[in-house]
Each structure stands twice: as structure tokens, then as C-alpha cells.
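A.B. asks: When we follow the numbering used here, the leftmost residue of the sequence shown carries the number 69, and every step to the right adds one. Where a beta carbon is used, it is the ideal one built from N, C-alpha and C, also for glycine. Since we're looking at a predicted model, the values are computed, not measured.
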Amino acid sequence: MQRTEGENTPQTADTIYSKATKAELSRQFNQAFQHYIKAAELYLHLSRSEGSAEKDKVKWKASAQKALDRAERIKSFAEKSTARPKGSPVEDLPAGRDDSEQVRLAPVAINPFASHEIYRVLKKGGDINGLYFPLWDESSADSDSAESLFADPDGEPSLSPEQKAVTAIWRRPNLPPPNDSEIPVRILPQDILQHVVTDCSVCASISVCLEHSRRFGTHIAEIPLHHYCAGTTPQAASKLFWTQNRGRLDFKFLFNGAWRRLPCFAIPGSLDVTFLSHRRPTPIRPSEGHSDVHVDAISNPFLGNALAEFIGESIHEANGRIRLPRITSSEQHTCFPTTHVDEYVSAIAGWIPEHIEIRRSDFERERTWERLSTGFASGQCMVTLGTGPNPVSMDDKIKLLPSHSYAVTDVFDGDDGRMITFLDSWVCPDAANEEARSKMPTIPWGDALNMFDGIYLSWDPEIWKNNLTFQGMWKRSDPEDVSKQLYLSFTRDDSSTCDHEEVWVLLTRHTADTRKTEAFIALKVQVEDELHDRAPAARQATCTTETYTNSTHILVRTRLPSNERSGLVSILASYDDGSATSSPNCTFPVGFTLSAYAPASTSIKWLEASTPPPYTSKVHGTITHKTAGGNCTYGSFLVNPQYRLRILSPKGSKGSGKARTNLALVASKDMPVNVVAVWSGGKRVYELSEQDVIASSGAYTYGSARVTKDMVPGDSTIVVSAFDQQYLGPFTLKVECAFPFDLVPIPQEGAGMYGITVQGAWDKSCAGGSPGFSTYDRNPKYELNVPVLTKCIIRLQLVHPSATATRLNLTIYPSAPGSTKQAKHIATSGAYDDSLAGVVVPQTTLSPGKYLVVPSTYKPGVEAEFRMLCYFSTAGVGVRIL
Numbered sequence: 069m070q071r072t073e074g075e076n077t078p079q080t081a082d083t084i085y086s087k088a089t090k091a092e093l094s095r096q097f098n099q100a101f102q103h104y105i106k107a108a109e110l111y112l113h114l115s116r117s118e119g120s121a122e123k124d125k126v127k128w129k130a131s132a133q134k135a136l137d138r139a140e141r142i143k144s145f146a147e148k149s150t151a152r153p154k155g156s157p158v159e160d161l162p163a164g165r166d167d168s169e170q171v172r173l174a175p176v177a178i179n180p181f182a183s184h185e186i187y188r189v190l191k192k193g194g195d196i197n198g199l200y201f202p203l204w205d206e207s208s209a210d211s212d213s214a215e216s217l218f219a220d221p222d223g224e225p226s227l228s229p230e231q232k233a234v235t236a237i238w239r240r241p242n243l244p245p246p247n248d249s250e251i252p253v254r255i256l257p258q259d260i261l262q263h264v265v266t267d268c269s270v271c272a273s274i275s276v277c278l279e280h281s282r283r284f285g286t287h288i289a290e291i292p293l294h295h296y297c298a299g300t301t302p303q304a305a306s307k308l309f310w311t312q313n314r315g316r317l318d319f320k321f322l323f324n325g326a327w328r329r330l331p332c333f334a335i336p337g338s339l340d341v342t343f344l345s346h347r348r349p350t351p352i353r354p355s356e357g358h359s360d361v362h363v364d365a366i367s368n369p370f371l372g373n374a375l376a377e378f379i380g381e382s383i384h385e386a387n388g389r390i391r392l393p394r395i396t397s398s399e400q401h402t403c404f405p406t407t408h409v410d411e412y413v414s415a416i417a418g419w420i421p422e423h424i425e426i427r428r429s430d431f432e433r434e435r436t437w438e439r440l441s442t443g444f445a446s447g448q449c450m451v452t453l454g455t456g457p458n459p460v461s462m463d464d465k466i467k468l469l470p471s472h473s474y475a476v477t478d479v480f481d482g483d484d485g486r487m488i489t490f491l492d493s494w495v496c497p498d499a500a501n502e503e504a505r506s507k508m509p510t511i512p513w514g515d516a517l518n519m520f521d522g523i524y525l526s527w528d529p530e531i532w533k534n535n536l537t538f539q540g541m542w543k544r545s546d547p548e549d550v551s552k553q554l555y556l557s558f559t560r561d562d563s564s565t566c567d568h569e570e571v572w573v574l575l576t577r578h579t580a581d582t583r584k585t586e587a588f589i590a591l592k593v594q595v596e597d598e599l600h601d602r603a604p605a606a607r608q609a610t611c612t613t614e615t616y617t618n619s620t621h622i623l624v625r626t627r628l629p630s631n632e633r634s635g636l637v638s639i640l641a642s643y644d645d646g647s648a649t650s651s652p653n654c655t656f657p658v659g660f661t662l663s664a665y666a667p668a669s670t671s672i673k674w675l676e677a678s679t680p681p682p683y684t685s686k687v688h689g690t691i692t693h694k695t696a697g698g699n700c701t702y703g704s705f706l707v708n709p710q711y712r713l714r715i716l717s718p719k720g721s722k723g724s725g726k727a728r729t730n731l732a733l734v735a736s737k738d739m740p741v742n743v744v745a746v747w748s749g750g751k752r753v754y755e756l757s758e759q760d761v762i763a764s765s766g767a768y769t770y771g772s773a774r775v776t777k778d779m780v781p782g783d784s785t786i787v788v789s790a791f792d793q794q795y796l797g798p799f800t801l802k803v804e805c806a807f808p809f810d811l812v813p814i815p816q817e818g819a820g821m822y823g824i825t826v827q828g829a830w831d832k833s834c835a836g837g838s839p840g841f842s843t844y845d846r847n848p849k850y851e852l853n854v855p856v857l858t859k860c861i862i863r864l865q866l867v868h869p870s871a872t873a874t875r876l877n878l879t880i881y882p883s884a885p886g887s888t889k890q891a892k893h894i895a896t897s898g899a900y901d902d903s904l905a906g907v908v909v910p911q912t913t914l915s916p917g918k919y920l921v922v923p924s925t926y927k928p929g930v931e932a933e934f935r936m937l938c939y940f941s942t943a944g945v946g947v948r949i950l
């Protein structure tokens, strides 16, 4: 959401500071603390703004420090007041404070939609690989030295291995001025040779942009190159080699959420470097009669090749400083080295990247062709293809390289069916083997799906008339804050006639060090109404297909329900670099950008969150073999980590009221997790019941789970679980609530007692059924030998629960001759029950002696294996089958 700068004026900061001082004098110290922090933030933001006088910046910095000092004084007193006995004297009281009172400060709320917060994220995004890349609209640091020729402070662009092998060097040529009467040079995709620019992703990116320019008259590849101090309007393509101002071109590229400036590209004729300009990809060798590479004149075709190299080297130079990582899917552990080709197109043109994996089980062949061919023909989509590590060619004349990017230059329906043409940037147009190996082969669509592993689309954002951008930050103040929940509201107007309108959401991770590849992201997007279509317990048993990837972006296309004219879209953006669970004290904020796109008939806006709840508690735990209960379809669900949440009514409050409560669970990116709140009086939950579920995070999601609910004061149980018993590892549960609360772990069943597990089975000879049947005495019997007064808990479970319900019972009798059917029991699990968790004899005190334990099914003749989990408060209790 775009905001005006009115909220960040000096007058606004002064007003907030004045409110803080008044609140402090009025003994409203919580409000004073909040206002002081807010004023300090605004003053600091003003002191860093462009175009302000230096004396004003100094004044604002001093005001910020003054506000921080007052806030720190209040915070220090609050900490001392809560730690000391009531009535103890405290030094350095804030103005007008009664030392007999205690001060509790709520956490300072951060509005992530505020313009100064957005600016902070974008400003931080300029620090990349140890260098700073300013925002495009920021002034250049060396703008005052306009008389001298520009020299790249970071040195010359690196040469490719082939260029180094022939001792190529950079040298400034002496080019003639442009001739306005000449026909502008049109650079073709095949002019881009990978011998000059060695990165296949860069070559493919430039080539698809040039093909788009050839077809639709655009200059997508050239537009990022701007003459220094010439505004934002690019010069014509034929004049890119010349400039009237310092011999400098600035490269405009989209990275880390904003358009940025790369003021390092020199142009021939006025720079300290020379671009290697030649028809063939092999540079001229000094040993061949040339002391160096020096061009004094150039023809139009020659200029085309030189210009192609110039663009390629420009992008390659940016790529050298901001090299994108290899892409990995955490689900399949598959590496896709070519996936950053669409990221380069995004950086060059600002288009929306989309990656389609051909080998996925949910790949839609027909739908993909329809989208690809329609988008390509209309100019709304550019296409590249990527091979896997072991490509297989369907044509002997086509040699595909492993893990390589290929630009698509044509998509059409011909006489031979659906066809595509792609560019092999390694083939020279005039090479000796040109007939044997085509530079631009055309193949059937079906063959392409067998030869390539990935399709990389780049979509023109102009096709979406409504779009929003949000700049956020993971781990801003909490190293375990690795998931962000946002809501997008949509409204469809009466002109909407399409039943299948989509909203696209693009998550882009900001990168501070592009050499690191251990950072992963995930994106879950769902229409809110769909979240409630199924019952909470039913959603508990499902796992989402969203997985983490170390790509810098993820695109999710969400179809809006045709019967809904308005609603909410839930967006969960998650991040994982391994530190949240392995190194929870490691804090390195990571920025991200969320972009939402909708058609003209659907208006969208961010639903700005209210102030976060003031009370927070965090617990760390680990799902181990003993506490891995799995989802609610497992009988072991009861062993999952559980916590009693006791929400307290605020002092002096009238009525019950409800408290906004946030539950956030963070685990490893490879672990699908869920968190659920259940009415249970704060006791351990053995199975989920629809009427008892207060709130659930829904289907299991990898790495994190979140849910927000207005809850009434009282006791409830929070259950943390992984989807399956095979998932083990550490986790962090964070609870935020508008009311004070307590969060304590609930002990496991039988905690602190001696445990014995007894395995058994019913078969036709010993499945006697319930006491209502004459065969009850045929049920298995186990003798308990209790040496001293003992408390016991015994649970009976089926080892392999069947699809048909099997009702169970467990009863303890005194050991005596005769039939147990007529005996009076000492303890029982109650009525026969088919609970997945089994049945349990609650804690019972047994005097020294011998007892009989009888497990039974309601109907006789049932064949099944069972186990009894026995817990005793004393050691030495014997259990044996009779």
C-alpha cells in the first residue's frame, strides 16, 4: 500500500514527542514510552532522508537521541519497579512518578505498513555482497565530479576464461560520433554469444528480451541502460555507445524489492575500458599481429555485434557482483542451476517470474501450452527452457548441455503440430559446423517436454491492472520470527464476468550475500473461505504440498471462488536458514517483498494488522521418538508436546470479554507441523473432537504454522505436532495474547512413574467379548503383583487400528478363584470405547497384593494385537500373563 510522506514530516515527529512528554507528566508511562520510541524512529528517518539540509539532519539526530534517552529512563525504572519489593525506594524516578506503584511496559508496536518502515527495508536491501547499490531515485555519491571521466570504483569487469586464455585486455576505443541519419541498429537474439558472456542464464535472459524487442518494437534489454544524469528516459538504441556526460551509463535493475543503480558500466569512446568488438567469438590475439584490441571505426553490422557484447557484459558485470544461487527444492532435493534465468529477466525488465517443473506429478501439459502460446503471441510472456543434469536429445543434430538455459524465440502451431524454436548461444552463425548443428532449432512441443526439465516464464506486470507491494522483514527483532501472515482483501465489481479469476502473489527474498545458498523460503496462499470448508479435525489430517526452495522468488496463482464477490486471501510467507532452531540467538534480519496482482475487475488492498497483543511467551521444545505422536489419525496423538494455556481476565475488567491470541510454531523447513488449541481444562488431550477445537492452523505446513483466534479467559490445551511420527526435531512455540496468561508444559501420561509395556493379542480362542457374553472369562488375563502401596495408570491400545471401529475396555479385579465375570472390579476404563488413543484406567491406588487385569473387546471373536502401557509409582511391580 502506498502512503504519502505526510506521516514522516518534522511536524509529525514534534507532535508525537509532545504527546510523550504530556503522557509522562500525567503518569501514563506506558503511553509515554510508546510515543518516545515512535518519535525517535521518525526523527532518525528524517535524518537519513535525501535532500535535507545538513544542519536539519544534525538537529533531528539530536532529537532522536533525546527521545531515546527518555524512553530508556522509563524502561529502566519499569524493570526496577517490577523487581523490587513494593514500597522500596527507587532512584531516578521519571517525572511525577509514585515509587509505590509498579510499571509494566507493553512491547512497542511496529507498523510494517508505515512508509519509514518500508524505506528501512529497501535501504537495507542495498547492501549486497559487501557493496552498496543505491535506490534508483537516490542521488549518486560522485555526482559532483562531473568534469572528469567516470572510473568504476570497483574495477573492470572480469573476463571469461576464453578471453583470458588469449590474453584479451580492456582498452578505450576511439569511436566516431553517431549519425542521426543512419538506420538504428537492431540487435538480434543470435547476436548474443556465450563465448563473450559465459553465464548461460544471462545470455538466455538477454536473448528473450531482444526477441521481444524484435517482435513488438520494445527495447527491453536496452531500457535498463541510462545515460548518467539524463533522467529516466532511455536514449535510442543506436546512440547507446555515446553520451555527453562523463562517458558513463548507469544500469537500472530490480533487486531486493526496488529499482537500483549500478553506476559502473563504461561505454566505448569515453571510458577507461574497451569492449571486445568482433564478429567471431574468439578475441584477437596479440600474437596474430595486433599489439592490443583497438577499434577505430565500425560498420553498422559490426556495431550490432559490439552492442550485443556491450549489453551482455553489462548484465554479466551486474551478475558478477550479484550472482544468484543454485536453486533447490527441499522436497526432492533436486538442483536447478538454470532457474535464475527468470530472475535475471525480472532484474532487467521487472517482469513476474514463474518456474514450472516439467517432471512434477501435477504438471499440466495442455494448460501449460495454452498459457505459454497465448502469452508468447501477445507479447505478455517471455520463455526460456532449462535442462537437467542428464539431458536427453530427441534429435541427433541437437546437442544439449547439462544444467543449461536456452532462450525460446518462437512458439507456434504449424503443419507439424505444436512447435517451439530455441536458441543455442554456443553455436556461431558462421561456424564450420553450422549445417550439422543449428543455432536456432525448431522441435515439437512433446519433444521439448522430454528434453528439458524446467520452463521459466516471465510475465508482463502491465497485464494486471491492480497490484500491491509489501516490503517486510523476517527476524527483525526476534531470530525465530521466520513467518509472516498477511491478509489481502478483494472485491469483484459487477463487470467481472470470468468465473475463474486469479490473484497472483509473488514472494521475493532479499539477498545480502548471493554466495550463500542455505536460505530457503515458502509461500502459502489460500482464500479464507476455503480454510473453513472442512471441519478443523479433518484439516488436521492433511499436509500441504508447498515446500521450501532456495530460489529468491516463489509465485502462487490462486483462483478466486466464482460465487464470492468479496473476501480475504490468507498469505503466509516463511523463511528458513537453519538458525531459527539450531541457533535461536542468531539475529540477522532478512527482507522480503510480497507483490499481489489482480485483474481490472477485482480491487485488492492489504488488510493492515492491528497492534500486536502486548503479552508474549515463548517455549522451546523437541519432538523426539517418545513425543512424536503424528497427526490426529494416529492413536499416538496423545504423546505430542502439549501446553496448558491459562488466559487471565485483566484486573478491573467487567464481563468475560475475549482476548486476541496468536499461536506461532516454528520448526525445521523439512518438518510439516501444526498447532491447535483445544478446550480441555488445561489437561492432556488424547484425541481431537470437533466440538472441543478452539483454533487450528489447518493443514500441516512445512517449517511453520500460525493461527489467530479471539479466546475467552480460562484454561485450554495447546498441542504441537508433526504430520507423521518420522518427523523429529526442535521447535519453538510463541504465544501472544491481549490478556495476561500462563503457559506451562503438560506432563506426559505416566510422567515420573515406572513404565512397563505389555504386548498381547486376541484370537478366536481368547476373544471373549464383554461381560454380557458368556465367554468373557476367555479374555486374556494378566496378574499384577504389587509389593507395596502403589498408584497405577494402565492404557489399552490397538497396535494396528482397523478401519472398522473396535470398542475396548480394561478392568482391574482382585485376584481370587472363580469367574471374573461375577467379581466386583477395583477399577475400570469405563464404557467400551473405540477411541484411537485407546482406553485408560485412570490413576488408581492399589494396596499390596495380587490383581487381575482383563483387556477385552465389546464383541467376541475379534482378532487383533494390543498393548498395555502400565505406569506404577513404585518399582518392583510384576506383570505376567496367566
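1. In its own chain, which residues sit with a C-beta less than 6 Å from the C-beta of residue 808, not counting the 5 before and 5 after it?
2. Quick check on the DSSP output: the alpha helix (DSSP H) that includes residue 519 runs from which residue to which?
3. Using only the alpha-carbon positions, how far apart do residue 825 and residue 922 sit?
4. Can you find at least 3 beta carbon pairs, one from the region 429-448 and one from the region 534-550, that sit closer than 8 Å?
5. With a CB to CB cut of under 7 Å and the five nearest residues on each side skipped, what residues in its chain are close to residue 367?
6. Under three-state DSSP, which class holds residue 181?
7. Taking the beta carbon of residue 280 as the centre, do at least 16 other beta carbons fall within 10 Å, making it buried, or is it exposed?
8. Which first and last residues belong to the alpha helix (DSSP H) in which residue 91 is found?
9. For residue 426, collect the residues of the same chain with a Cβ closer than 8 Å to its Cβ; drop the 5 residues on either side in sequence, then sort them by chain order.
10. Under 8 Å between C-beta atoms, does residue 671 make it to chain D?
11. In chain order, what residues of the same chain have a beta carbon less than 6 Å from the beta carbon of residue 941, not counting five sequence neighbours either side?
12. Tell whether a beta-carbon distance below 8 Å holds between residue 746 and residue 785.
13. Please state whether DSSP places residue 110 in a helix, a strand or coil.
14. Distance, Cα to Cα, residue 147 vs residue 134?
15. Identify, in the order they occur along the chain, each residue of the same chain with its Cβ nearer than 6 Å to the Cβ of residue 473, setting aside the five sequence neighbours on each side.
16. Quick one: measure Cβ to Cβ for residue 193 and residue 568, integer angstroms, because I've assumed they're closer than 8 Å.
17. By alpha-carbon positions, which one of 462, 321, 670 and 145 ends up nearest to residue 418?
18. How many whole angstroms separate the CB atoms of residue 413 and residue 276, which I take to be in contact at a CB cut-off of 8 Å?
19. Could you tell me the distance, in whole angstroms, from the CA atom of residue 128 to the CA atom of residue 183?
20. With C-beta atoms as the reference, is residue 593 less than 8 Å away from residue 626?
21. Nearest CA to the CA of residue 748: which residue from 739, 741, 760 and 738?
22. Indicate the three-state DSSP secondary structure (helix, strand or coil) for residue 830 in the structure shown.
23. How would you label residue 201, buried or exposed, when you count the other beta carbons within 10 angstroms and need 16 or more for buried?
24. For residue 841, I'd like the list of residues in its chain whose CB is within less than 6 Å of its CB, leaving aside the five on either flank, ordered along the chain.
25. Nearest to residue 65 by alpha carbon, out of 847, 88, 462 and 783?
26. If you draw a straight line from the C-alpha of residue 540 to the C-alpha of residue 286, how long is it?
27. Between which residues of its own chain and residue 704 is the CB-CB distance below 7 Å, once the five residues before and five after are set aside?
28. Please determine, among 935, 885 and 635, the residue with the shortest C-alpha to C-alpha distance to residue 906.
29. Are the Cβ atoms of residue 802 and residue 771 separated by less than 8 Å?
30. What number of angstroms, rounded off, separates the C-alpha of residue 479 from the C-alpha of residue 442?
31. Looking at the structure shown, is residue 482 part of a helix, part of a strand, or coil, going by DSSP?
32. If we ignore side chains and look at the alpha-carbon of each, how far apart do residue 914 and residue 758 end up?
33. Can you give me the C-alpha to C-alpha distance between residue 706 and residue 729, rounded to a whole angstrom?
34. If you draw a straight line from the alpha carbon of residue 105 to that of residue 330, how long is it in whole angstroms?
35. Work out the CA separation of residue 526 and residue 463 for me, nearest whole Å.
36. Does DSSP put residue 475 in a helix, in a strand, or in coil?
C.D. replies: So, from the data block:
1. Scanning its chain for C-beta atoms nearer than 6 Å, with the 5 sequence neighbours on each side dropped, one finds around residue 808 the residues 683 and 716, in chain order.
2. For residue 519, the enclosing alpha helix (DSSP H) starts and ends at 513-519.
3. Looking at the two C-alpha atoms, the distance is approximately 15 Å.
4. No: fewer than three Cβ pairs fall under 8 Å.
5. Here residue 367 scores only 32 on pLDDT, less than 50, and its place in the model should not be relied on; the value that follows carries that caveat. No residues qualify anywhere along the chain.
6. Coil, per DSSP.
7. Answer is buried; the Cβ neighbour count reaches 16.
8. For residue 91, the enclosing alpha helix (DSSP H) has its first and last residue at 78-93.
9. Its chain contains 517, 520, 521, 522 and 523 as the residues whose beta carbon lies nearer than 8 Å to that of residue 426, once the 5 sequence neighbours on both sides are disregarded; these appear in chain order.
10. Considering every chain present, this structure includes no chain D. It has just one protein chain.
11. If we look at residue 941 and ignore the five residues flanking it on each side, its Cβ neighbours are 821, 858 and 859.
12. Taking 8 Å as the cut-off, the beta carbon of residue 746 is found closer than this to the beta carbon of residue 785.
13. DSSP places residue 110 in helix when its eight states are reduced to three.
14. Spanning the two alpha carbons is a distance of roughly 20 Å.
15. Answer for residue 473: 268, 269, 272, 406, 409, 452 and 454, listed in chain order.
16. Actually they are not in contact, since the Cβ atoms of residue 193 and residue 568 sit about 35 Å apart, beyond 8 Å.
17. Of 462, 321, 670 and 145, the residue nearest in Cα terms is 321.
18. Yes, residue 413 and residue 276 are in contact; Cβ-Cβ is about 7 Å, under 8 Å.
19. Their Cα atoms are separated by approximately 18 Å.
20. Going by beta carbons, residue 593 and residue 626 fall inside the 8 Å limit.
21. Among 739, 741, 760 and 738, the Cα nearest to that of residue 748 is on 760.
22. Strand, per DSSP.
23. Around the CB of residue 201, 16 or more other CB atoms lie within 10 Å, so the residue is classed as buried.
24. Closer than 6 Å at Cβ, skipping near neighbours: 928.
25. Any property of residue 65 remains undetermined from this structure, which presents the chain solely from 69 to 950.
26. Those two C-alpha atoms are separated by around 33 Å.
27. For residue 704, where only same-chain residues beyond five positions count, the Cβ hits under 7 Å are 697, 698 and 793.
28. The option with the nearest alpha carbon to residue 906 is 935.
29. In this structure, residue 802 keeps its C-beta atom at 8 Å or more from the C-beta atom of residue 771.
30. Spanning the two alpha carbons is a distance of roughly 9 Å.
31. Strand.
32. Cα-Cα distance, rounded: 36 Å.
33. Answer to the nearest angstrom: the Cα atoms are 24 Å apart.
34. So the alpha carbons of these two residues sit roughly 35 Å apart.
35. Distance between the alpha carbons of residue 463 and residue 526 is about 27 Å.
36. It is a strand residue.
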